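Chains as they are written, first to last, in the working numbering: chain A, 301 to 583; chain B, 301 to 583.
Glycine residues also receive a C-beta, built at the ideal position from the N, C-alpha and C atoms.
Note that the coordinates shown come from a computational prediction; the quantities given were computed from them, not determined experimentally.
What follows is a set of notes on a single structure, which appears directly below.
2 protein chains.
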Amino acid sequence: MLVVNKIDELRKVLKEKRKGGCSVGFVPTMGALHAGHASLIRRSAREHGCTVVSIFVNPSQFNEVSDFEKYPKNQENDRIIAENEGASILFCPEANEIYPDGFETSVIVGQVADTLCGAARPGHFRGVAGIVLKLLNIVQPDDAYFGQKDAQQIAVIKKMVRDLNLDVRIEACPIIRERDGLAMSSRNIFLNDTERSEAVILPTALETAKRLVREGVRETGEIKKCVASLIGRSKLAEVDYIEIVDADTMQTVPSVNGRALLALAVRFGKTRLIDNIMLQVYN
Amino acid sequence: MLVVNKIDELRKVLKEKRKGGCSVGFVPTMGALHAGHASLIRRSAREHGCTVVSIFVNPSQFNEVSDFEKYPKNQENDRIIAENEGASILFCPEANEIYPDGFETSVIVGQVADTLCGAARPGHFRGVAGIVLKLLNIVQPDDAYFGQKDAQQIAVIKKMVRDLNLDVRIEACPIIRERDGLAMSSRNIFLNDTERSEAVILPTALETAKRLVREGVRETGEIKKCVASLIGRSKLAEVDYIEIVDADTMQTVPSVNGRALLALAVRFGKTRLIDNIMLQVYN
Chain A
301 MLVVNKIDEL RKVLKEKRKG GCSVGFVPTM GALHAGHASL IRRSAREHGC TVVSIFVNPS
361 QFNEVSDFEK YPKNQENDRI IAENEGASIL FCPEANEIYP DGFETSVIVG QVADTLCGAA
421 RPGHFRGVAG IVLKLLNIVQ PDDAYFGQKD AQQIAVIKKM VRDLNLDVRI EACPIIRERD
481 GLAMSSRNIF LNDTERSEAV ILPTALETAK RLVREGVRET GEIKKCVASL IGRSKLAEVD
541 YIEIVDADTM QTVPSVNGRA LLALAVRFGK TRLIDNIMLQ VYN
Chain B
301 MLVVNKIDEL RKVLKEKRKG GCSVGFVPTM GALHAGHASL IRRSAREHGC TVVSIFVNPS
361 QFNEVSDFEK YPKNQENDRI IAENEGASIL FCPEANEIYP DGFETSVIVG QVADTLCGAA
421 RPGHFRGVAG IVLKLLNIVQ PDDAYFGQKD AQQIAVIKKM VRDLNLDVRI EACPIIRERD
481 GLAMSSRNIF LNDTERSEAV ILPTALETAK RLVREGVRET GEIKKCVASL IGRSKLAEVD
541 YIEIVDADTM QTVPSVNGRA LLALAVRFGK TRLIDNIMLQ VYN
C-alpha cells in the first residue's frame with residue numbers, strides 16, 4: 301500500500317493506474333478506522349483494481365472546535381486496517397494541502413441538508429459537501445463508498461452528485477454493529493462504561509420500530525412516540541431528534557408507505573450518537 | 301460535427317473519443333456566436349483532437365428575466381460557426397436536462413465574485429460558477445477556453461477550479477474586437493446606430509489608460525478619473541463601474557505595480573457593455 305500526502309502525487313499515481321486499465325474505488329474517512337470503515341474498504345477492494353482510502357479530519361464540518369480537537373486519531377492503526385482490507389493507496393493530506401491560503405469556495409446543497417443533523421449542527425453538511433466534492437475531484441473514482449450509518453450524509457452527497465453532474469456512483473453500505481447492536485462509530489470510545497451499556501437502547505429501539513411497522517403500524521407519530529418512550533428508559537439518554545423521513549429528501553413523512561428512514565441522534569453524557577434503520581412496508 | 305442534446309449521450313461519445321487517445325477541449329457558450337467565440341473554438345481545435353462547444357443560455361446567471369428572455373438566439377448560425385471552426389461536438393441541452401426538477405445545489409466562490417459585475421448583478425456569478433461547474437463535470441475536458449472580455453468570469457472560474465481541485469486547465473483567450481475597437485459581444489446587436497458609434501469610446505478610453513501607464517502614471521485614482529472623463533464625452537454613456545483591480549482577486553488596487561486590470565461596465569441606452577485591458581508596468 302502506497303501512502304501519499306500530496307494531491308499532485310496522488311493524481312500522477314492514479315493516472316498511471318487508470319492507463320493500466322484499473323478502475324478506482326474510493327473510501328473517504330476521517331481516520332479512527334473501525335469495522336465499519338473496514339467493510340467499505342473490503343467491498344471497494346473486491347470491486348476495483350485500485351482502492352484509495354483517504355484520511356482527513358475535515359475542520360470545516362465540525363461546528364464545535366472542541367469536537368474537532370478531540371476527534372480520535374490513530375494513524376498507525378488506520379494504516380494497518382487499510383492495508384489489511386486491501387487498500388492500494390492511503391491518501392493523508394495535511395490541512396494546508398486541502399485548504400491552502402485564500403480558500404473560500406463552498407457548496408450549498410439545499411433542503412436535504414437542513415433537517416436532522418443539519419438542523420442540530422449548523423454548517424456541518426456544507427463542510428461535508430465541500431470536502432467530499434474536493435476529494436471526489438482529486439481522486440475521480442468510479443465508485444465511492446459510504447456507510448449507511450451517516451444516512452443524511454449519503455443523501456446530501458447523492459443530491460450533490462446529481463445536481464453537479466459528477467461522474468461517480470455513490471455506494472451506500474450497511475451499518476456495521478457491535479455484538480450487542482450498537483452501531484460502530486469512532487465516537488463510541490468516548491462513552492464511559494455506564495453510557496456504553498445504556499447506549500444499546502438505540503438499536504433496540506430501532507428494531508422495535510421495525511417490528512411495529514411489520515405488525516401494521518403506519519403512523520409515524522405513533523412509531524416515534526414508542527421509540528422515544530423506550531429510549532426514555534435510559535437515564536443518561538438525551539434525545540436530539542427522532543424522525544421518520546424520506547430517505548432521499550430527508551423530509552419528515554406522516555406515515556410509512558413503501559420505504560421510510562427512522563433516524564435518531566441521542567446524547568449519552570457528552571457523546572452524541574446517531575443511528576438509523578429503514579422501515580419498509582411490503583404491499 | 302455531432303450535435304448532442306443529452307448528457308448521457310455526450311458522456312458516451314466522449315468516453316469513446318478518450319479511449320481512442322483523444323484529448324478534449326471545451327468552449328462553453330450561451331450561443332449567439334461571434335468572432336470572439338470563433339477564436340476560442342479555433343484554438344481548442346488546434347490543441348485537441350476533440351473540441352466540444354456547448355450552447356446553453358443559462359437562466360440562473362441572469363439577474364433580470366427580461367435580459368434572459370431577449371438574449372439573442374441563432375441556432376443555425378451557431379451550428380455553422382462551430383463546425384467551420386473545427387468543433388467535433390455541439391452540445392445543446394434543454395433547460396430541464398441541466399436543471400431537472402428538484403435541482404438545488406449552488407456554489408459560492410467568495411470575494412472574487414462580489415466586486416464589479418458581481419456587485420452590479422446580484423447572484424450572477426453564483427449562476428456562472430454553478431453552470432460552469434456542471435458543464436466541466438459533464439465534459440471533463442483537459443482544457444476549457446474562455447474569452448478575456450469576461451475577465452471577472454475567468455477569475456471566478458479559476459478560483460473555483462483551484463478551490464474545488466477540478467482537474468482542468470482554464471485558458472484565457474484575448475479579446476476579439478470589431479474593426480473600430482469595440483469588443484465583440486452578443487449584446488452589441490442591441491445597440492442602435494448612435495449608441496454603436498458612441499460605444500467606441502470604451503476601447504479608446506482603455507487604450508488611453510494604457511498610454512498613461514506607459515507614460516509613468518501609477519495612481520489608479522488618476523487613471524480612473526481620466527477614463528471616466530473620456531467616457532463622459534459620450535452623451536449616451538452611463539457608467540456602471542470603472543475599476544482597476546488585481547486580475548486574480550478582482551479587488552481594487554491603489555496603484556499599478558506589475559499588472560493590474562482596468563475593467564469597466566457602461567450602459568448605452570438599455571445595453572450594458574463590459575470591456576477591460578491589462579495595465580502593465582515593466583520594471
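query: Cβ of V407 (chain B) less than 9 Å from any chain A Cβ?
result: yes
Spatial distance of E376 (chain A) from V500 (chain A) (CA atoms): 29 Å
field: Interface partners of D463 (chain B) on chain A, CB under 7 Å
entry: F403, E404, T405
query: N576 (chain B) bridges to which residues according to DSSP?
result: Answer by DSSP bridge pairing, in chain order: B:A563.
query: Buried or exposed: where does A395 (chain A) fall if 16 or more other Cβ atoms within 10 Å of its Cβ makes it buried?
result: exposed
is_contact[K449 (chain B), chain A] using C-beta, thresh 9 Å: no
- request: Compile a chain-ordered list of the residues in the segment 424-442 of chain A whose CB is closer than 7 Å to at least one CB of chain B.
  value: L433, K434, N437, I438, Q440
message: Please tell me whether Q361 (chain A) has its Cβ less than 9 Å away from any Cβ of chain B.
response: no
message: Does D546 (chain A) come out as helix, strand or coil in the three-state DSSP assignment?
response: coil
query: Since M460 (chain B) meets chain A, which of its residues come closer than 7 Å, beta carbon to beta carbon?
result: T405
query: Is the segment 525-533 of chain B close to the segment 505-512 of chain B, with three or more CB pairs under 8 Å?
result: yes
Q440 (chain B) classed as buried or exposed, judged by whether at least 16 other C-beta atoms fall within 10 angstroms: It counts as buried.
query: For G402 (chain A), does the count of other Cβ atoms within 10 angstroms reach 16, so buried, or fall short, so exposed?
result: exposed
query: Counting only runs that start and end within the segment 383-417 of chain B, where is the beta strand (DSSP E) found for 3 or more residues in a row?
result: 389-391, 406-408
message: Please give the ranges of any alpha helix (DSSP H) in the segment 459-495 of chain A, keeping only runs that are unbroken, at least 4 residues long and fully inside the region.
response: If we require 4 residues or more, the segment 459-495 of chain A turns out to have no alpha helix (DSSP H) run fully inside it.
- prompt: Roughly how many angstroms separate the alpha carbons of V517 (chain A) and V407 (chain B), rounded to a whole number?
  reply: 42 Å
query: When you compare each of A:C350, A:N305, A:V303, A:L512 to G321 (chain A) by their alpha carbons, which one comes out closest?
result: Comparing C-alpha distances from G321 (chain A) to each of A:C350, A:N305, A:V303, A:L512 shows the shortest one belongs to A:C350.
- prompt: Whole beta strand (DSSP E) runs in the segment 312-375 of chain A with 3 or more residues, listed along the chain?
  reply: 324-329, 350-355
- prompt: Counting Cβ pairs, one atom from each stretch, are 3 or more of them under 8 Å apart for the segment 356-371 of chain B and the segment 419-428 of chain A?
  reply: no
message: Measuring only the C-alpha atoms, how far is R477 (chain B) from V553 (chain B)?
response: 27 Å
task: Would you check if the distance between the CB atom of L340 (chain B) and the CB atom of I389 (chain B) is smaller than 9 Å?
output: no
- prompt: Taking C-alpha atoms, which residue in A:Y541, A:H337, A:E515 lies nearest to L579 (chain A)?
  reply: A:E515
- request: Give the secondary structure of V456 (chain B) by DSSP, where H, G and I count as helix, E and B as strand, and everything else as coil.
  value: In the structure shown, V456 (chain B) adopts helical secondary structure according to DSSP, grouped into three states.
task: Please say whether L416 (chain B) and M460 (chain B) have beta carbons closer to each other than 9 Å?
output: no
field: Cut-off 6 Å between Cβ atoms - residues of its own chain near R342 (chain A), not counting five sequence neighbours on either side
entry: E385
message: Give me the DSSP bridge partner(s) of V304 (chain B).
response: B:F391
- request: Could you name the residues of the same chain whose beta carbon sits closer than 7 Å to that of R567 (chain A), not counting the 5 residues immediately before and after it, in chain order?
  value: Around R567 (chain A): E538, D540.
task: Show which residues of chain B have a CB atom less than 7 Å away from the CB atom of L466 (chain A).
output: N437
- request: Could you name the residues of the segment 326-357 of chain A whose beta carbon sits closer than 7 Å to any beta carbon of chain B, in the order they occur along the chain?
  value: Residues: none.
- request: Starting from the C-beta of V303 (chain B), find all residues in its chain whose C-beta is less than 6 Å away, skip the five residues before and the five after it, and write them out in chain order.
  value: Here the set comprises L390.
field: Assigned secondary structure, G447 (chain B) (DSSP; H/G/I helix, E/B strand, else coil)
entry: strand
Any C-beta of chain E under 9 Å from that of V553 (chain B): This model lacks chain E altogether; the protein chains it does include are A and B.
message: List, in chain order, every chain B residue whose beta-carbon is nearer than 7 Å to that of G410 (chain A).
response: Per Cβ cutoff of 7 Å: E404, T405.
query: Is it true that the segment 436-452 of chain A meets the segment 443-454 of chain B, where meeting means three or more beta-carbon pairs spaced less than 8 Å apart?
result: Result no; under three Cβ-Cβ pairs closer than 8 Å.
query: Is P657 (chain B) buried or exposed, if buried means 16 or more other CB atoms sit within 10 Å of its CB?
result: Residue 657 (chain B) lies beyond the stretch modelled for chain B, which goes from 301 to 583, so this question has no answer here.
field: Close-in-space but distant-in-sequence residues of the same chain around P393 (chain B) (CB under 8 Å, 5 per side omitted)
entry: N305, K306, I307, S354, F356
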